[in-house]
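Participant: For reference, the structure I am asking about is given below.
Chains as they are written, first to last, in this note's numbering: chain A, 1 to 207; chain B, 1 to 218.
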């Protein structure tokens, strides 16, 4: 059984997934073998609605109003997420370059034989605290965490690999149960179903 | 406490949310207040048509949009399967406004609206319901125990006007997708927010919970 867990070092949505995912993995490996990896994702699909923009579009006004409605919801969700993390809105809304954090995670993954198996979670948690709560510059935060050995080429290759596996946003999971095809899950809202699958499908599933 | 639920029968995500949503009625002894939010899917996900073999015959979708749509259907299908529901991919973008006006009509009949919603969803997603056919909608209303005298007049008059006005209003209110749950002045898009809806229904005690698809159907 293998779980691939993808996080975006630039996103507090990924930060919110960290603790419950760590708990899922820790409680699982206490009972059964589980191979897992924590992989950074610094790309996303972006705004796919933009692909439908056309010149002289008769739906231009509708699309603009829909985009405004989406933003209204996104702002409310940001507020809720910041409250959960005890962050100011300003801190949570920070635009961060996640690349240094991603390189730290890739470097740690390449050095898996040393240290705590939960090291990627510790690194990620500390990264988010430094960058979002303490407002540190990403490269300085990364330098405090470790001396990353991974390169930008490594990161590009890792991102290409994730896209080939059908992952395009974070947090995301690939669960590969024994004798089954791998399944992709985008978003931490799937954690209850991941737990149910990993635990052996007992009882009614969470939907 | 008032809980408004906005749906569109042609949305796979609204479909797989219906049972968890109805369970709130039982758990909290309340009546849900249903509204249609008729999506213009082509405006943000492009359009496509498939033939009976599943081959795409027309498409305005970009590769990114296809990636998003394919994932969405895969995800919705797995949750549908877990509930014993059949979700067959649609072969075109449907006009669901007729079934939406049927929903507005059905709101007058609390004893029949559940059947109307269940059957519209389940048959549509089995590809057994033409939601663009007036006779089909009328028959479904009648099967649901909902009287249809005056419905045709409503469909082409007051109902159409109400539907169209609603679609204008929802955007200004900040509602853009389905299912959307509105409670205590907060709007939540997606069934992953049902823990928060329950938190509201229970009096907002303690911290607001995180998102989760965690409803276990009774």
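We put the CB at the ideal spot given by N, CA and C, even for glycine.
What residues in the segment 62–88 of chain B have a beta carbon less than 8 Å from any beta carbon of chain A?
Facilitator: The residues in question are 62, 64, 65, 67, 68, 71, 74, 75, 78, 79, 82, 83.
Participant: Determine the direct distance from the alpha carbon of residue 29 of chain A to that of residue 69 of chain A, and round the result to whole angstroms.
Facilitator: Their backbone Cα atoms lie some 43 Å apart in a straight line.
Participant: Could you check whether the segment 63–81 of chain A touches the segment 175–182 of chain B, counting it as contact only if at least three pairs of C-beta atoms, one from each stretch, sit closer than 8 Å?
Facilitator: In short, these stretches touch, since the Cβ pair count reaches three.
Participant: Can you list, in chain order, the residues of its chain with a C-beta nearer than 6 Å to that of residue 172 of chain A? Leave out the 5 residues immediately preceding and following it.
Facilitator: So the list reads 6, 186, once near-sequence residues are dropped.
Participant: Do residue 131 of chain B and residue 93 of chain B count as a contact pair if the criterion is CB distance below 7 Å?
Facilitator: Contact: no.
Participant: Which chain A residues are close to residue 185 of chain B, counting only those with a beta carbon under 9 Å from its beta carbon?
Facilitator: Near residue 185 of chain B there are no residues of chain A at all, since even the closest Cβ is about 11 Å away, more than 9 Å.
Participant: Among residues of its own chain, excluding the 5 on either side of residue 59 of chain B, which ones have a beta-carbon nearer than 6 Å to its beta-carbon?
Facilitator: So the list reads 48, once near-sequence residues are dropped.
Participant: If we cut at 7 Å on Cβ distances, does residue 166 of chain B have a partner in chain A?
Facilitator: No, because no Cβ of chain A sits closer than 7 Å to the Cβ of residue 166 of chain B.
Participant: In whole angstroms, give me the CA-to-CA distance for residue 123 of chain A and residue 33 of chain A.
Facilitator: In a straight line, the C-alpha of residue 123 of chain A is about 23 Å away from that of residue 33 of chain A.
Participant: Pick out the complete alpha helix (DSSP H) segments inside the segment 26–60 of chain B, 4 residues or longer, and give them in chain order.
Facilitator: Complete alpha helix (DSSP H) runs here, min 4: 42–45.
Participant: Using the Cα positions of residue 29 of chain B and residue 20 of chain B, report the straight-line distance between them to the nearest angstrom.
Facilitator: Cα to Cα, residue 29 of chain B sits roughly 14 Å from residue 20 of chain B.
Participant: Nearest by alpha-carbon distance to residue 117 of chain B: which of B:1, B:2, B:11 is it?
Facilitator: Residue B:11 is the option with its Cα nearest to residue 117 of chain B.
Participant: For residue 150 of chain A, I'd like the list of residues in its chain whose CB is within less than 6 Å of its CB, leaving aside the five on either flank, ordered along the chain.
Facilitator: Closer than 6 Å at Cβ, skipping near neighbours: 103, 106, 107.
Participant: Establish whether the CB of residue 216 of chain B and some CB of chain A are separated by less than 7 Å.
Facilitator: Chain A contact via Cβ: present.
Participant: Residue 2 of chain A bridges to which residues according to DSSP?
Facilitator: BP columns for residue 2 of chain A point to A:35, A:176.
Participant: Along chain B, in chain order, which residues have C-beta atoms closer than 9 Å to that of residue 83 of chain A?
Facilitator: Neighbours of residue 83 of chain A on chain B, chain order: 207, 208.
Participant: Quick check on DSSP: helix, strand or coil for residue 109 of chain B?
Facilitator: In the structure shown, residue 109 of chain B sits in coil (DSSP, three-state: anything other than H, G, I, E or B).
Participant: Taking the beta strand (DSSP E) that residue 186 of chain A belongs to, which residues open and close that run?
Facilitator: It spans 183–186 - the beta strand (DSSP E) in which residue 186 of chain A sits, taken as one unbroken run.
Participant: Relative to chain B, which residues along the segment 129–163 of chain A have a C-beta separation below 9 Å, given in chain order?
Facilitator: So the list reads 163, given in the order they occur along the chain.
Participant: What do you get for residue 201 of chain A, buried or exposed, if any count of 16 or more other CB atoms within 10 angstroms of its CB means buried?
Facilitator: Exposed.
Participant: What residue range does the alpha helix (DSSP H) around residue 70 of chain B cover?
Facilitator: Counting along the chain, the alpha helix (DSSP H) containing residue 70 of chain B begins and ends at 63–82.
Participant: Report the option in B:88, B:9, B:148 whose CA atom is closest to the CA atom of residue 54 of chain B.
Facilitator: Among B:88, B:9, B:148, the Cα nearest to that of residue 54 of chain B is on B:88.
Participant: Measuring straight from C-alpha to C-alpha, what distance separates residue 104 of chain B and residue 211 of chain B?
Facilitator: Distance between the alpha carbons of residue 104 of chain B and residue 211 of chain B is about 29 Å.
Participant: Can you pull the chain A neighbours of residue 117 of chain B, defined as C-beta to C-beta under 8 Å?
Facilitator: Result: empty, since nearest Cβ-Cβ is about 17 Å, beyond 8 Å.
Participant: Name the one or two DSSP bridge partners that residue 209 of chain A has.
Facilitator: Residue numbering for chain A in the displayed model covers 1 to 207; residue 209 of chain A lies beyond these limits and cannot be assessed.
Participant: For residue 140 of chain A, does the count of other Cβ atoms within 10 angstroms reach 16, so buried, or fall short, so exposed?
Facilitator: Looking at its Cβ environment, which holds fewer than 16 other Cβ atoms inside 10 Å, residue 140 of chain A is exposed.
Participant: What residue from B:208, B:17, B:184, B:191 has the CA that sits closest to residue 3 of chain B's CA?
Facilitator: The candidate whose alpha carbon is nearest that of residue 3 of chain B is B:184.
Participant: Exposed or buried, residue 133 of chain B, counting other C-beta atoms within 10 Å across all chains shown (16 or more means buried)?
Facilitator: Under this definition residue 133 of chain B is an exposed residue.
Participant: Should residue 205 of chain A be flagged as near chain D, meaning a C-beta pair shorter than 7 Å?
Facilitator: The displayed structure is made up of protein chains A and B, and chain D is not among them.
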